[in-house]
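See below for the structure under consideration.
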Amino acid sequence: MNSKPKIVVLGAGYAGMMTTKKLMQKLHPEEADIVLINKHNYHYQTTWLHEVAAGTINHNLARIMISDIIDPNRVRLIYDSVVEVKREQQQVVLENSEVNYDYLVISLGFETNTFGIKGMEEHAFFIQDIDSSQLIREHIEYQFAQYKNSEAKEDHSLTILVGGGGFTGVEFVGELAERVPQLCRKYDIDRNIPKIINVEASPSILPGFDEELVAYAKKSLESRGVEFREGAKIQSCTKEGFIVGEGNELIKAGTVVWTGGVTGNSVLGNSGFELTRGKVTVNSDLRAPGEENIFVLGDCAWVMNEKEGRPYPPTAQAAMQHATTCANNIKALLHHQPLENFVFSDKGTVASLGVTDAMGTVFGGTKLYGKPAAAMKKVVDNRYLFLLGGLNLFLKKGKIRPF
Ligand code: FAD
Ligand code: NAD
Numbered sequence: 089m090n091s092k093p094k095i096v097v098l099g100a101g102y103a104g105m106m107t108t109k110k111l112m113q114k115l116h117p118e119e120a121d122i123v124l125i126n127k128h129n130y131h132y133q134t135t136w137l138h139e140v141a142a143g144t145i146n147h148n149l150a151r152i153m154i155s156d157i158i159d160p161n162r163v164r165l166i167y168d169s170v171v172e173v174k175r176e177q178q179q180v181v182l183e184n185s186e187v188n189y190d191y192l193v194i195s196l197g198f199e200t201n202t203f204g205i206k207g208m209e210e211h212a213f214f215i216q217d218i219d220s221s222q223l224i225r226e227h228i229e230y231q232f233a234q235y236k237n238s239e240a241k242e243d244h245s246l247t248i249l250v251g252g253g254g255f256t257g258v259e260f261v262g263e264l265a266e267r268v269p270q271l272c273r274k275y276d277i278d279r280n281i282p283k284i285i286n287v288e289a290s291p292s293i294l295p296g297f298d299e300e301l302v303a304y305a306k307k308s309l310e311s312r313g314v315e316f317r318e319g320a321k322i323q324s325c326t327k328e329g330f331i332v333g334e335g336n337e338l339i340k341a342g343t344v345v346w347t348g349g350v351t352g353n354s355v356l357g358n359s360g361f362e363l364t365r366g367k368v369t370v371n372s373d374l375r376a377p378g379e380e381n382i383f384v385l386g387d388c389a390w391v392m393n394e395k396e397g398r399p400y401p402p403t404a405q406a407a408m409q410h411a412t413t414c415a416n417n418i419k420a421l422l423h424h425q426p427l428e429n430f431v432f433s434d435k436g437t438v439a440s441l442g443v444t445d446a447m448g449t450v451f452g453g454t455k456l457y458g459k460p461a462a463a464m465k466k467v468v469d470n471r472y473l474f475l476l477g478g479l480n481l482f483l484k485k486g487k488i489r490p491f
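Per our numbering: the sequence shown ends with 491, consecutive numbering throughout.
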């Protein structure tokens with residue numbers, strides 16, 4: 089009979105992959121069995137999905153076979169969808185089977201949040217995963233091909249409308265500013281016809297971010313043909329476009345993408361966890377309240393920044409740091425030692441504005457613009473690949489193309 093404790097990790101994103109990798113390094117194979125469960129047999133770089141959606145990178149660059157990183161002889165890999173966690177039975181229900189656990193790590197990432205806006209689920213595309221991002225890319229290209237081949241040309245069919253001017257929306261329109269001119273050349277269409285419009289409810293895009301950097305981002309994107317509609321709340325979405333503002337103005341478009349917010353994976357709610365805006369408010373050791381053996385990480389976790397009295401934003405940077413604390417704490421539990429508290433180390437925020445431009449803050453507040461910022465963004469992306477899969481993965485999937 090197998091008496092080793094079983095650690096089950098749900099979701100092979102930033103938090104799940106790094107936790108599994110660290111558990112493999114920290115624990116002797118005799119100490120515990122490790123199981124990693126993920127929907128697909130690949131891990132993907134969520135932080136590159138806007139590029140996949142715009143079509144500026146191939147989706148295969150953004151995905152990595154899990155078994156290339158995690159040794160299947162050491163970790164049991166299950167490719168299936170998690171439906172529910174039954175905490176009383178210490179069991180995870182999958183679409184096709186059940187798995188029991190002694191220690192559970194929930195790192196199932198985010199789901200797009202439409203805040204119940206009428207028509208959004210039915211008519212808008214979401215940058216949610218590789219498949220949904222590929223669908224956006226294909227749909228945009230289809231609009232161009234269709235326009236070229238139709239007799240009665242409707243110019244608004246080439247408009248790409250992006251709802252929400254947070255980091256995802258802004259990074260996405262930055263990629264579109266690269267992609268749309270390519271599509272115009274490919275289909276021989278005047279560049280003045282397709283429009284890229286970003287709609288943001290707050291008075292400014294990137295609400296709360298450094299004003300100087302926001303002004304830089306706007307100027308750079310506007311100079312490449314992006315239009316911003318700020319202070320314009322999207323009221324609803326129809327098959328023609330967004331209904332916006334107090335006056336219910338219809339902005340027509342052939343492609344409508346919603347980037348207006350995210351929430352924790354719905355498996356949390358289905359499993360009866362108490363939620364704060366769709367996430368589990370974790371204890372300082374990253375365990376779910378009242379649970380001795382369940383950790384919740386990444387975009388599923390509501391982690392309070394006590395100094396500022398608000399939660400840390402859900403980022404890959406934070407998810408990877410959660411992974412380190414979680415792996416340390418599982419080892420501590422196995423060794424009957426005290427657990428450590430999670431302490432976030434802010435490495436800064438850099439947002440891409442297309443392939444050769446970016447802006448952000450690094451090293452405790454230093455502002456970066458333009459090519460240095462774009463280079464820094466690539467360093468951040470490549471560093472992750474190096475941490476995950478060493479030099480091999482960096483050489484295989486790294487962003488080493490010159491500007
Ligand atoms: P994820 O990395 O999303 O992984 C979740 C995993 O769980 C996936 O593999 C998924 O397939 C799997 N899964 C989901 N549901 C199930 C299920 N039911 N059953 C089985 N498996 C399931 N953050 C930054 O720090 N820097 C950035 O530059 C940045 N850019 C971003 C750009 C975009 C376009 C987006 C959308 C986000 C960006 N973020 C960025 C935020 C960052 O991507 C997330 O915070 C991060 O991915 C969270 O990591 P995670 O491990 O919690 O989830
Ligand atoms: P977000 O919540 O940060 O931004 C959503 C935006 O949509 C907000 O500006 C909000 O005001 C707007 N919005 C909401 N409802 C609206 C409505 N009805 N009409 C018009 N606008 C509306 O979501 P996100 O941009 O998807 O980012 C999610 C997380 O991922 C954040 O924590 C972000 O920091 C992180 N992220 C980071 C990077 C980076 O570091 N480069 C890139 C992408 C995402």
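The beta-carbon is built from N, C-alpha and C at its ideal position, and this holds for glycine as well.
Relative to the alpha-carbon of residue i, which residue among the options has its alpha-carbon at the smallest distance?
i: residue 350; options: 95, 380, 365 and 292; result: 365
i: residue 429; options: 420, 437 and 435; result: 420
i: residue 182; options: 167, 193, 191 and 146; result: 167
i: residue 194; options: 384, 396, 407 and 452; result: 384
i: residue 403; options: 395, 280 and 352; result: 352
i: residue 465; options: 138, 357, 172 and 440; result: 440
i: residue 401; options: 386, 412 and 415; result: 386
i: residue 144; options: 460, 267, 405 and 235; result: 267
i: residue 99; options: 198, 111, 147 and 135; result: 198
i: residue 412; options: 137, 431, 457 and 356; result: 431
i: residue 472; options: 435, 186 and 263; result: 435
i: residue 315; options: 326, 347 and 264; result: 264
i: residue 170; options: 390, 378, 184 and 134; result: 184
i: residue 355; options: 111, 175, 109 and 93; result: 175
i: residue 203; options: 474, 324 and 390; result: 324
Is DSSP giving residue i helix, strand or coil here?
i: residue 268; result: helix
i: residue 157; result: helix
i: residue 492; result: For the chain, the structure presents residues 89 to 491; residue 492 sits outside this window and is missing.
i: residue 337; result: strand
i: residue 131; result: strand
i: residue 177; result: coil
i: residue 168; result: coil
i: residue 361; result: coil
i: residue 254; result: coil
i: residue 80; result: Outside the shown range of the chain (89 to 491) lies residue 80, about which nothing can therefore be said.
i: residue 469; result: helix
i: residue 243; result: helix
i: residue 418; result: helix
i: residue 126; result: strand
i: residue 286; result: strand
i: residue 191; result: strand
i: residue 139; result: helix
i: residue 356; result: helix
i: residue 92; result: coil
i: residue 474; result: helix
i: residue 299; result: helix
i: residue 488; result: coil
i: residue 460; result: helix
i: residue 152; result: strand
For the ligand FAD, any of its heavy atoms closer than 7 Å to the Cβ of residue i?
i: residue 186; result: no
i: residue 434; result: no
i: residue 242; result: no
i: residue 388; result: yes
i: residue 255; result: yes
i: residue 217; result: yes
i: residue 214; result: no
Examine the ligand NAP and report whether any of its heavy atoms sits within less than 7 Å of the Cβ of residue i.
i: residue 315; result: The ligand NAP is not among the ligands present in this structure, which contains only the ligand FAD and the ligand NAD.
Is it the case that the CB of residue i approaches a heavy atom of the ligand NAD more closely than 7 Å?
i: residue 322; result: yes
i: residue 458; result: no
i: residue 431; result: no
Name the one or two DSSP bridge partners that residue i has.
i: residue 200; result: 350
i: residue 206; result: 324
i: residue 449; result: 437 and 455
i: residue 389; result: 368
i: residue 329; result: 340
i: residue 214; result: 346
i: residue 69; result: Only positions 89 to 491 of the chain appear in this structure, which leaves residue 69 out of reach.
i: residue 121; result: 94
i: residue 383; result: 193 and 375
Answer yes or no: does any C-beta atom of chain D fall closer than 8 Å to that of residue i?
i: residue 173; result: Among the protein chains of the structure shown there is no chain D, as only one such chain exists.
Check: Do three or more CB pairs link the stretch 89 to 109 to the stretch 118 to 135 at distances below 8 Å?
Finding: Yes, the stretch 89 to 109 touches the stretch 118 to 135.
Note to self: Under 8 Å, with one C-beta from each stretch per pair, do the stretch 242 to 257 and the stretch 287 to 296 reach the 3-pair mark?
What the structure shows: In short, these stretches touch, since the Cβ pair count reaches three.
Item checked: Cβ contact check for the stretch 232 to 245 and the stretch 369 to 376: 3 or more pairs under 8 Å -> As far as the Cβ criterion goes, the stretch 232 to 245 does not touch the stretch 369 to 376, which means the pair count is below three.
Note to self: Quick check: the stretch 156 to 166 against the stretch 229 to 236, are at least 3 beta-carbon pairs closer than 8 Å?
What the structure shows: No: the two stretches stay apart, fewer than three of their Cβ pairs being nearer than 8 Å.
Checklist line | the stretch 202 to 212 / the stretch 437 to 453 touching (three or more Cβ pairs under 8 Å) | finding: The stretch 202 to 212, when compared against the stretch 437 to 453, does not touch it at the 8 Å Cβ threshold.
Check: Touching or not, the stretch 256 to 266 and the stretch 133 to 153, by the rule of three or more beta carbon pairs under 8 Å?
Finding: Yes, since at least three Cβ pairs between the stretch 256 to 266 and the stretch 133 to 153 fall closer than 8 Å, the two stretches touch.
Notebook entry, point to check: Do the stretch 330 to 341 and the stretch 475 to 483 meet, that is, are 3 or more Cβ pairs less than 8 Å apart?
Noted result: Taking 8 Å as the limit for Cβ pairs, the verdict is that the stretch 475 to 483 does not touch the stretch 330 to 341.
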